[in-house]
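Undergrad: Before anything else, here's the structure in question.
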Amino acid sequence: MAQYVYEFAEGSRDMADLLGGKGANLAEMTRMGLPVPPGFTVTTEACRAFLATGAEPDGLADEIALRLGALERSAGRRLGQPDDPLLLSVRSGARFSMPGMMETILDIGLSDDSVRGLAKASGSERFAWDSYRRLVQMFGSTVMGVDPALFEAALARLKESLHCTDDLRLETPDLARLVDTYKNLIAAETGEDFPQDPTEQLHRSIRAVFESWNGQRARLYRQREHIPDTLGTAVTVQRMVFGNLGRDSGSGVAFTRDPATGRRVPTATTCRTHRARTSSRASATPSHWPTWNASTPPRTPN
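Sequential numbering from 177 applies to the sequence shown in our numbering.
Here's what the structure looks like:
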């Protein structure tokens with residue numbers, strides 16, 4: 177029987193066809209002893225099998241449960257644990273880079289119960305509710321098919337009612353209210369509730385990333401870049417590191433060369449108090465480190 181899931185420590189950079197570029201490089205960095213948040217990768221073989229049949233291949237659910245259990249033991253927390261939840265990110269990772277073309281879901285494991293545990297464990301109610309509203313919005317649009325513009329409109333209405341122009345100025349009660357608004361929106365648009373079961377969140381997110389391989393943006397990008405449609409995407413499941421925990425948190429993209437000039441100068445683009453999905457899609461105003469020192473990365477990269 178094929179192996180469909182690999183922990184980072186089981187892979188290497190030579191396995192990009194199976195683990196995708198992201199999964200193979202995370203595996204290689206793990207083997208090098210670099211501080212990589214732990215996780216596992218669901219293979220391109222699993223993706224191709226899913227796309228061919230519309231169902232998870234036999235044995236995939238058991239493999240995910242096995243690797244998730246190992247991740248929970250290493251973290252000392254369970255996915256969605258009410259008092260201090262383990263939270264996960266789910267990201268695409270094809271053999272060839274396709275930036276922004278497929279889907280990402282962050283903060284998997286948050287629910288009406290665990291959001292309060294995260295608030296207590298982190299010491300920040302605002303951070304916890306901000307993370308929860310991001311999950312509900314991202315899951316609702318990416319996994320459940322709700323028009324993203326409806327979430328943006330709801331956020332805009334809330335900010336207008338509060339005479340607020342900056343998301344960062346929304347307080348904890350505002351964010352909790354937004355979560356309820358988003359959940360009601362999902363129920364109205366889909367006829368089902370936002371799932372509170374963290375395992376359901378995880379499996380549906382993985383399937384959504386598989387399905388995004390055949391999304392219109394991804395297909396047009398592959399056509400333009402001459403990438404075969406038959407490759408499929410791997411899915412990386414990784415312990416969350418938060419870019420929105422506070423003003424000393426953030427996310428960024430680092431390059432070994434200056435991407436504007438090609439000069440061999442390490443360069444990074446960072447966004448304080450933002451998530452990686454935000455900075456990679458350039459929807460936040462970045463700051464640049466033209467002389468970034470690779471030995472001193474940001475304190476809380478995502």
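Backbone N, C-alpha and C define an ideal beta-carbon position, used for all residues, glycine too.
1. Residue 342: buried (16+ other C-beta within 10 angstroms of its C-beta) or exposed?
2. Does the distance from the C-beta atom of residue 372 to that of residue 287 stay below 8 Å?
3. Please list, in chain order, all residues of the same chain as residue 365 whose beta carbon is under 6 Å from its beta carbon, the five residues on each side excluded.
4. Assuming residue 408 contacts residue 227 under a Cβ cut-off of 8 Å, what Cβ separation, rounded to an integer in Å, is found between them?
5. Considering only residues of the same chain and omitting the five flanking positions on each side of residue 313, which have a CB-CB separation below 6 Å?
6. Tell me the rounded alpha-carbon separation between residue 246 and residue 355.
7. Please find out if some non-hydrogen atom of the ligand SAM comes closer than 7 Å to the beta-carbon of residue 216.
8. Is the beta carbon of residue 262 less than 8 Å from the beta carbon of residue 254?
9. In terms of residues, what are the limits of the alpha helix (DSSP H) holding residue 365?
10. From residue 191 to residue 200, what distance separates their C-alpha atoms?
11. Mapping DSSP to helix, strand and coil, what is residue 406?
12. Can you tell me the Cα-Cα spacing of residue 470 and residue 444, whole angstroms?
13. Can you name, in chain order, every residue of its own chain whose Cβ lies under 6 Å from the Cβ of residue 311, other than the five neighbours on each side?
14. Helix or strand or just coil, what does DSSP make of residue 373?
15. Under 8 Å by Cβ, that's how I've got residue 410 and residue 269 pegged, so tell me the actual separation to the nearest angstrom.
16. Between the C-alpha atoms of residue 418 and residue 184, what's the straight-line distance to the nearest angstrom?
17. Hey, how far is the Cα of residue 454 from the Cα of residue 396?
18. With DSSP run on the structure shown, which of helix, strand or coil describes residue 427?
19. Are the Cβ atoms of residue 258 and residue 306 separated by less than 8 Å?
20. Excluding five sequence neighbours on each side, which residues of the same chain lie with their C-beta closer than 7 Å to the C-beta of residue 233?
TA: In terms of the structure at hand:
1. Exposed is the label assigned to residue 342, since fewer than 16 other Cβ atoms lie within 10 Å of its Cβ.
2. Residue 372 places its beta carbon less than 8 Å from that of residue 287.
3. Contacts found: 322.
4. The C-beta distance from residue 408 to residue 227 rounds to 7 Å, short enough to fall under 8 Å.
5. Closer than 6 Å at Cβ, skipping near neighbours: 327 and 358.
6. Approximately 31 Å between the Cα atoms of the pair.
7. The model on display carries no ligand, and the ligand SAM is accordingly not part of it.
8. The beta carbons of residue 262 and residue 254 sit closer together than 8 Å.
9. Note, residue 365: alpha helix (DSSP H), 348-366.
10. Computed Cα separation, rounded: 6 Å.
11. Coil at residue 406, not helix or strand.
12. Its pLDDT being 44, under 50, residue 470 is placed unreliably in this model, and the coordinates cannot settle the point.
13. 283 and 286.
14. The answer is coil: DSSP assigns residue 373 none of H, G, I, E or B.
15. About 5 Å separates the two Cβ atoms, so the contact holds.
16. Looking at the two C-alpha atoms, the distance is approximately 20 Å.
17. Residue confidence for residue 454 is low, a pLDDT of 46 falling below 50, so the modelled location carries little weight and cannot support an answer.
18. Strand, per DSSP.
19. Not a contact, by the Cβ cut-off of 8 Å.
20. So the list reads 180, 222, 225 and 226, once near-sequence residues are dropped.
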